[in-house]
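Shown next, in C-alpha cells, is the structure this report addresses.
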Amino acid sequence: MDKLRRSMMFIPGNNPGMLQNAGLYGADTIILDCEDAVAITEKDSARNLVFEAISGMNYGTEVAVRINHISTPFGWDDLKRLLPAKPDLIRLPMCQGPDEIRQIDDFISEAEHKNNFTPGSIKMMAAVETPKGLRLAYEIASASPRMVAMAIGAEDFTANLKTTRSKLGRELFVARGQLVLAAREAGVQCIDTVFSNINDEEGLRAELELVKEMGFDGKSVVNPRQVTVVHDVFAPTNKEIDYAENVLAAYQDALEKKSGVISLNGKMIDLPIVARAERVLAYAKATATKGGKK
Amino acid sequence: MKNSIGREIPDFIKGLGKVTNYGGAFAYQPVGRTAGPFLSTCLPRRDKQLASIEVAIDAVGLKDGMTISFHHHFRNGDKILNRVVEAIAKKGIRDITLSPSSLNTVNDALIPYIEQGVITAIETSGARGKMGRFLTEGHLKKPLHIRSHGGRAAAIESGAIHIDVAFLGAPACDTYGNINGVQGLSACGSLGYAIQDAAYADQVVAITDNLLPHPLFPISIPQTQVDYIVVVDSIGDPKGIASGALRYTKDPKELLIANYAADVMDYSGYLRQDFSMQLGSGGASMAVGRFIKTKMMERGITGSFGVGGMTGVFAEMMEEGLFKMMFDVQSFDIPAIDSIKKNSNHLEMSASYYANPHNSGAIVNNLDAVILSATEVDVDFNVNVITDSNGVIMGASGGHCDTAAGAKLTIVVAPLLRGRLPMVKDAVQTVVTPGETVDAIVTERGIAINPKRLDLIDNLKNSGLPIMSIHELRDIAYGLCGKPEPIEVSDEIVGVVEYRDGTIIDVIRRPIS
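Top line first, the protein sequences correspond to chains H and Z.
Numbering-wise (our numbering), the first sequence opens with residue 18 and increments by one.
Numbering-wise (our numbering), the second sequence opens with residue 370 and increments by one.
See the structure below:
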C-alpha cells in the first residue's frame with residue numbers, strides 16, 4: 018500500500034498560529050506554503066518560519082513544502098533554506114516540463130549529500146496548471162524517482178483554458194482524466210485541486226465523489242474542516258468492504274479447489290476484480306475506518 | 370495559612386476580617402437560618418410609581434454605607450447600573466457597597482465613582498476590560514469580593530450579603546410591580562439573578578421602559594416583593610443585551626476540542642437515555658452541543674433536561690425533542706429569549722435554584738455532565754477563569770465552580786496554547802474551581818483525566834482518544850512555548866475568591882508591573 022495522501026492540507030507559511038497547529042487535524046500530508054499564500058513582501062519571513070516549523074515541531078505526519086517556482090527569484094532560495102530542515106516532500110507549482118524536475122532533483126541530491134541525509138529520502142511532487150504542463154504530465158511524473166504524485170491546480174488551468182470554474186466541473190473533466198492517465202502510467206499518485214468554498218460541505222462532497230470515481234488518490238485542502246469530509250468520502254464503504262471480502266473468499270476457494278473459473282453470486286470473477294478487492298481491503302486497513310462509512 | 374489546596378491565605382484580610390479558609394468542595398457545613406427582608410405593608414390603593422430614579426433613591430432612604438444590588442441580564446446593553454450610581458453620586462451619598470450579579474465592560478463608566486469614594490466595595494462575579502485592570506490596582510476599601518452565581522445566592526440567603534436596595538431593570542412591569550423579562554424592547558429572557566435579589570432585598574425598585582396594565586402575564590418577580598416603580602425612556606440597548614443568535618464556532622481548533630469533549634462524554638458512560646447536561650456559551654463548549662446532538666440522533670437517545678446560561682442552539686435541541694426541559698437562569702441570545710417566552714418547558718429559574726449549595730438541592734446537583742471553558746488549568750486540575758497571564762482580573766466566576774461541584778462529569782475545554790502562552794501549567798495564578806471537582810481537561814493536543822476518576826480512565830482506555838497524564842499535557846505545552854516566568858505580585862490583596870460555600874479558596878494579589 019502506497020503512503021496515503023487522501024488529504025494534502027495547505028498551511029500559509031507566514032502564519033505562526035496555523036503552522037503551530039497544522040499537525041492537529043489528521044491531514045495525511047501538510048503542505049507548508051511559501052508560494053501563493055504568501056505575499057511577495059513576506060517571502061523571506063515565511064521561508065524562515067517554515068524552516069523553524071519543520072525543525073522544531075513534531076508534526077507526526079508527512080510534511081511537504083510548496084516552494085515558489087524556480088523561474089521566480091524565490092524558488093532556489095526556498096530550496097536552499099529549507100532542504101537542510103529535511104521536509105518529506107517538495108511540491109513544485111506550475112510545472113511546465115521534466116527539465117524543471119531534473120534540475121530540482123539534482124539540487125536536492127546535493128543537499129542530501131551535504132546534510133548526510135539518506136539519498137532519495139526527500140520526495141517530490143508537481144502540480145500542472147497549464148495546458149503545456151498537462152501535455153507533458155507523464156514526462157514530468159517520470160522525470161525523477163523522487164516523484165510520488167501529480168496534482169492539478171485548477172484556478173490557473175481554467176484561466177489558461179479561457180473558461181471559468183463551474184459547479185459540475187465539466188471544464189476540468191478532460192484535464193483530470195488526462196492527469197490520472199499520466200500518473201497511473203508513471204506509477205505515481207494523483208491529487209485533485211482545492212475546493213475553495215470552505216463553507217460548502219455538500220459541494221465538496223460532490224466533487225470528491227467525482228474525483229474518487231475518476232481514480233484520484235486524494236485532494237488538496239485549504240481548511241482543516243475539509244479533512245474529515247475528504248477522509249470520509251475516500252474511505253471504502255461497508256458494501257465495498259463486504260464485497261471485497263467475498264471476492265477474496267471465492268478466489269481462495271477456487272484456488273483450493275483448483276477450479277479454473279471463479280464465480281460469486283453467479284457473476285464471473287477475474288483477476289482484475291481480485292486485484293481491486295485486495296486494494297480495497299488494504300486501503301480499508303490503512304485508513305482504519307472501523308468498518309467504513311455508516 | 371495554607372488552605373486545603375495549598376494556597377497561602379492570610380487569617381485576617383483587611384476590609385474582610387477573619388477568613389474562613391477553603392477546606393474541600395463539600396467540607397463546610399452551614400449553620401443558622403436564612404435571612405430576609407423587613408416585614409412591610411402596602412396599603413390598598415397606594416401608588417407604587419415614582420417620578421424618577423432620584424425620587425426613588427430618596428424614597429428608599431438610601432444612605433452612606435448601604436449595599437445596592439443589580440442584575441446583569443442586560444449584559445453590555447445595561448443602562449440601569451451606571452445611571453443609578455450617577456444619581457446616587459449627585460446626591461452626595463458615599464461609601465456604597467455595589468453588589469451586582471456581574472459586571473460588564475459597559476460598567477467601566479463606574480470607575481470615576483470608585484475614585485470619588487461613592488463606591489468603596491464591590492461584591493460580584495467578576496470584572497473585565499478597564500474595570501478589571503482598575504480593580505487589580507486596588508482602589509477599593511475592601512478587596513473585590515468574587516462569588517460564583519451559586520455562592521452569591523447562598524450569601525444573599527444567609528445574610529452574608531445584605532442588600533439594602535435592589536434596583537431591578539424590568540423589561541416588562543405592570544402598575545403594581547409584577548415583572549417579567551420576556552416582553553418589551555429590552556427583553557432579556559430569564560431574570561434568574563433578579564429573582565434572587567428581589568426575594569431578599571430590604572427594598573426593591575423596579576425600573577422599566579415598558580409599563581403595562583395590571584396584571585402582567587407571565588410573572589417572574591411578583592408584586593409582593595416590589596416596593597417602587599420608576600418609568601424611564603430606556604433601560605437597555607437591545608444590541609448589547611443579546612446577539613442575534615450565537616452560532617457554532619467555525620474555528621477548526623475549537624471544533625477539534627469540542628469533538629474530543631463530545632467523544633469523552635460518549636465513552637464516559639454518561640451519554641445515555643435521559644441524561645442531563647449544561648453547556649457553556651464559549652466557542653468550544655457550545656460547539657460540543659453540535660457533536661452531542663449528532664451522537665444522540667445516531668444512537669436514538671433523548672436527554673432529560675438542559676441547564677444554562679441558555680443559547681438558542683440548546684433551546685433548539687429541546688424544540689427538536691432531544692431534551693424534555695430547559696432550566697434557564699440567563700438567556701444569552703435572541704432565539705433563547707424567544708424560546709423561554711413561547712415554550713412552557715423552557716423554565717426560568719432563580720440563581721438559588723440553579724446553583725446555591727446551601728439550600729435543599731440546586732439543579733446543578735442533578736447534572737450528569739457539564740462542559741466548561743477555562744483561562745488556564747494546572748496539574749492539580751484547578752481552574753482559573755478570573756485572571757489573565759499578567760495576573761489581571763479579566764473574567765468572571767459565573768457558575769463555573771457550582772456546576773463543576775454538582776455534575777457527575779465535569780469536562781473543562783481549553784486550548785493548550787493561547788498564542789505563545791501555555792494554558793496547562795504547574796499552578797494556575799488564581800483558583801476559582803478546585804481540581805477535586807474537575808474530571809477531564811480536553812485540549813487540542815491531548816486529554817487528561819483526573820487520576821481520582823478510575824472509572825473514567827477505565828471507560829476511556831480503548832477510546833482511541835489522545836489520553837495522557839496532566840503532566841504530559843503540561844510538558845507538551847512547556848515544550849512548545851517554554852515555562853512562563855511567575856507573575857511577580859505584591860503583598861497587597863486586591864481581590865478574594867470565595868468558593869460557593871463561602872470559604873476563601875484564593876486571593877488575588879496586586880501584580881508588580
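Cβ coordinates follow ideal geometry from the N, Cα and C atoms, glycine included.
The model shown is predicted, which means the values in this text are computed figures rather than measured ones.
Checklist entry - When you compare only the Cα positions, how much space is there between residue 306 of chain H and residue 473 of chain Z? => result Along the first sequence, one-based indexing puts residue 306 of chain H at 289. Along the second sequence, one-based indexing puts residue 473 of chain Z at 104. Residue placement at residue 306 of chain H is poorly supported in this model, since its pLDDT is 45, which falls under 50; the coordinates still yield a value, given next. Using only the alpha carbons, I get a separation of about 48 Å.
Checklist entry - Among the residues of its own chain, which have a CB less than 8 Å from the CB of residue 703 of chain Z, if the five just before and after it don't count? => result Residue 703 of chain Z sits at position 334 when you count from the first residue of the second sequence. These residues qualify, in order along the chain: 611, 612, 613, 614, 681.
Next on the checklist: Three Cβ pairs or more, each shorter than 8 Å: is that satisfied between the stretch 769 to 777 of chain Z and the stretch 713 to 732 of chain Z?
Outcome noted: These segments touch.
Checklist entry - Between Z:668, Z:675, Z:638, which lies nearest to residue 648 of chain Z when the distance is taken from Cα to Cα? => result For the purposes of this step, residue 648 of chain Z is taken as residue 279 along the second sequence, with counting starting at 1. Nearest neighbour of residue 648 of chain Z by Cα position, chosen from Z:668, Z:675, Z:638, turns out to be Z:675.
Checklist entry - Where does residue 559 of chain Z land, buried or exposed, given buried means 16+ other C-beta within 10 angstroms? => result Reading the second sequence from its first residue, position 190 is the one you call residue 559 of chain Z. When all chains shown are included, residue 559 of chain Z counts as buried.
Item to check | Every unbroken beta strand (DSSP E) within the stretch 710 to 752 of chain Z, with a cutoff of 3 residues, ordered by chain | outcome: DSSP runs (the beta strand (DSSP E)) wholly in the stretch 710 to 752 of chain Z: 715 to 717, 738 to 742, 745 to 747.
Next on the checklist: Quick check on residue 269 of chain H: does DSSP put it in helix, strand or coil?
Outcome noted: Here the question's residue 269 of chain H lines up with position 252 in the first sequence. In the structure shown, residue 269 of chain H adopts helical secondary structure according to DSSP, grouped into three states.
Checklist entry - Can you check whether the CB of residue 573 of chain Z is closer than 7 Å to the CB of residue 596 of chain Z? => result Locating residue 596 of chain Z in the second sequence gives position 227, where the first residue counts as 1. Locating residue 573 of chain Z in the second sequence gives position 204, where the first residue counts as 1. Yes, these two residues count as a Cβ contact at 7 Å.
Next on the checklist: So, at 6 Å on beta carbons, what are the nonlocal neighbours of residue 553 of chain Z in its own chain, with the 5 sequence-adjacent residues on each side left out?
Outcome noted: Numbered from its first residue, the second sequence carries residue 553 of chain Z at position 184. Excluding positions up to five away in sequence, the list reads 540, 541, 579.
Next on the checklist: With a threshold of 7 Å on Cβ separation, who are the neighbours of residue 66 of chain H within its own chain once the five nearest residues in sequence on each side are excluded?
Outcome noted: Within the first sequence, numbered from 1, the residue matching residue 66 of chain H stands at position 49. Within the same chain, residue 66 of chain H has close Cβ partners 30, 31, 33, 36.
Checklist entry - Counting pairs of beta carbons, one from the stretch 222 to 236 of chain H and one from the stretch 189 to 202 of chain H, are three or more of them closer than 8 Å? => result yes
Checklist entry - Does residue 560 of chain Z get closer than 7 Å to chain H when you measure Cβ to Cβ? => result Position 191 of the second sequence, counting from 1, holds the residue named residue 560 of chain Z. By this cut-off, residue 560 of chain Z is not an interface position.
Item to check | Cutoff 6 Å; reference residue 316 of chain H; Cβ partners in own chain excluding five residues on either side | outcome: Outside the displayed range of chain H (18 to 311) lies residue 316 of chain H, so it cannot be described from this structure.
Checklist entry - DSSP on residue 433 of chain Z, reduced to helix/strand/coil? => result One-based indexing of the second sequence puts residue 433 of chain Z at position 64. Coil at residue 433 of chain Z, not helix or strand.
Item to check | Whole-angstrom C-beta distance between residue 856 of chain Z and residue 880 of chain Z, which should lie under 8 Å | outcome: Numbered from its first residue, the second sequence carries residue 880 of chain Z at position 511. Numbered from its first residue, the second sequence carries residue 856 of chain Z at position 487. Sure, about 5 Å apart at Cβ, within 8 Å.
Item to check | Terminal residues of the beta strand (DSSP E) in which residue 514 of chain Z lies | outcome: As a position in the second sequence, residue 514 of chain Z is number 145, starting the count at 1. Per DSSP, residue 514 of chain Z is one residue of the beta strand (DSSP E) stretching across 513 to 515.
Checklist entry - When the cut-off is 7 Å and only beta carbons count, does residue 242 of chain H lie next to chain Z? => result Counting from one through the first sequence, the residue named residue 242 of chain H turns up at place 225. It does; some Cβ of chain Z falls within 7 Å.
Item to check | Nearest candidate by alpha-carbon position, reference residue 213 of chain H, set H:118, H:255, H:187, H:241 | outcome: Residue mapping note: residue 213 of chain H aligns to position 196 of the first sequence, counting from 1. Measuring from the Cα of residue 213 of chain H, the nearest candidate turns out to be H:241.
Item to check | Distance between residue 421 of chain Z and residue 766 of chain Z (C-alpha atoms, nearest Å) | outcome: Here the question's residue 766 of chain Z lines up with position 397 in the second sequence. Here the question's residue 421 of chain Z lines up with position 52 in the second sequence. Each residue's alpha carbon lies about 34 Å from the other.
Next on the checklist: I need the DSSP call for residue 604 of chain Z, collapsed to helix, strand or coil.
Outcome noted: As a first step, residue 604 of chain Z must be located in the second sequence, where it is residue number 235. Reduced to three states, the DSSP call for residue 604 of chain Z is coil.
Next on the checklist: Closest to residue 183 of chain H by C-alpha separation, out of H:55, H:155, H:220, would be which residue?
Outcome noted: Taking the first sequence and counting its residues from 1, the one referred to as residue 183 of chain H is at position 166. Out of H:55, H:155, H:220, H:220 has the C-alpha closest to the C-alpha of residue 183 of chain H.
Next on the checklist: If I measure Cβ to Cβ from residue 128 of chain H and keep anything under 6 Å in the same chain, skipping five residues before and after, which residues do I get?
Outcome noted: Position 111 of the first sequence holds residue 128 of chain H. Excluding positions up to five away in sequence, the list reads 100.
Item to check | 8 Å Cβ cut-off: residues of chain H touching residue 867 of chain Z | outcome: Your numbering for residue 867 of chain Z matches position 498 in the second sequence. Result: empty, since nearest Cβ-Cβ is about 36 Å, beyond 8 Å.
Item to check | The beta strand (DSSP E) enclosing residue 207 of chain H, as first and last residue numbers | outcome: Along the first sequence, one-based indexing puts residue 207 of chain H at 190. Counting along the chain, the beta strand (DSSP E) containing residue 207 of chain H begins and ends at 206 to 209.
Next on the checklist: Between residue 217 of chain H and chain Z, is any beta-carbon pair separated by less than 7 Å?
Outcome noted: Translated into the one-based positions of the first sequence, residue 217 of chain H becomes position 200. Any Cβ of chain Z closer than 7 Å to the Cβ of residue 217 of chain H would place that residue at the interface, and such an atom is absent.
Next on the checklist: Quick check on residue 621 of chain Z - is its C-beta less than 7 Å from some C-beta in chain H?
Outcome noted: Taking the first residue of the second sequence as 1, we reach residue 621 of chain Z at position 252. So yes, residue 621 of chain Z belongs to the interface.
Item to check | C-alpha gap between residue 179 of chain H and residue 297 of chain H, whole angstroms | outcome: Taking the first residue of the first sequence as position 1, residue 179 of chain H is located at position 162. Taking the first residue of the first sequence as position 1, residue 297 of chain H is located at position 280. In a straight line, the C-alpha of residue 179 of chain H is about 38 Å away from that of residue 297 of chain H.
Checklist entry - Using a C-beta cutoff of 7 Å, does residue 813 of chain Z count as contacting chain H? => result Taking the second sequence and counting its residues from 1, one reaches residue 813 of chain Z at position 444. Yes, its Cβ sits closer than 7 Å to a Cβ of chain H.
Checklist entry - Taking buried to mean at least 16 other C-beta atoms within 10 Å of its own C-beta, is residue 24 of chain H buried or exposed? => result What you label residue 24 of chain H is simply residue 7 of the first sequence in a count that begins at 1. It counts as buried.
Checklist entry - What residues in its chain sit with their C-beta under 6 Å from that of residue 464 of chain Z, if we drop five residues either side in the sequence? => result Position 95 of the second sequence, counted from the start, is the residue given in the question as residue 464 of chain Z. Cβ within range, chain order: 433, 434, 489.
Checklist entry - From the DSSP output, which residues share a beta bridge with residue 421 of chain Z? => result Indexing the second sequence from 1 puts residue 421 of chain Z at position 52. Beta-bridge pairing links residue 421 of chain Z to no other residue.
Checklist entry - Going by alpha carbons, who is nearest to residue 669 of chain Z out of Z:685, Z:689, Z:684, Z:650? => result What you label residue 669 of chain Z is simply residue 300 of the second sequence in a count that begins at 1. If we check each option's Cα against that of residue 669 of chain Z, Z:689 comes out closest.
Checklist entry - chain Z partners of residue 37 of chain H, CB-CB under 8 Å? => result The residue labelled residue 37 of chain H in the question sits at position 20 within the first sequence. The answer, in chain order, is 786, 849.
Next on the checklist: For a contact defined as C-beta to C-beta under 9 Å, what are the partners of residue 41 of chain H on chain Z?
Outcome noted: Here residue 41 of chain H refers to the residue found at position 24 when the first sequence is read from its first residue. For residue 41 of chain H, the neighbours in chain Z by C-beta distance under 9 Å run, in chain order, 621, 622, 625, 813, 814.
Item to check | Reference residue 382 of chain Z, options Z:514, Z:795, Z:418, closest by Cα | outcome: Mapped onto the second sequence, residue 382 of chain Z falls at position 13. Checked all of Z:514, Z:795, Z:418; the closest Cα to residue 382 of chain Z is Z:514.
Checklist entry - Roughly how far, in whole angstroms, is the beta-carbon of residue 537 of chain Z from the beta-carbon of residue 566 of chain Z, given that I think they are within contact range, below 8 Å? => result The sequence position of residue 537 of chain Z within the second sequence is 168, counting from 1. The sequence position of residue 566 of chain Z within the second sequence is 197, counting from 1. Right, their Cβ atoms sit about 7 Å apart.
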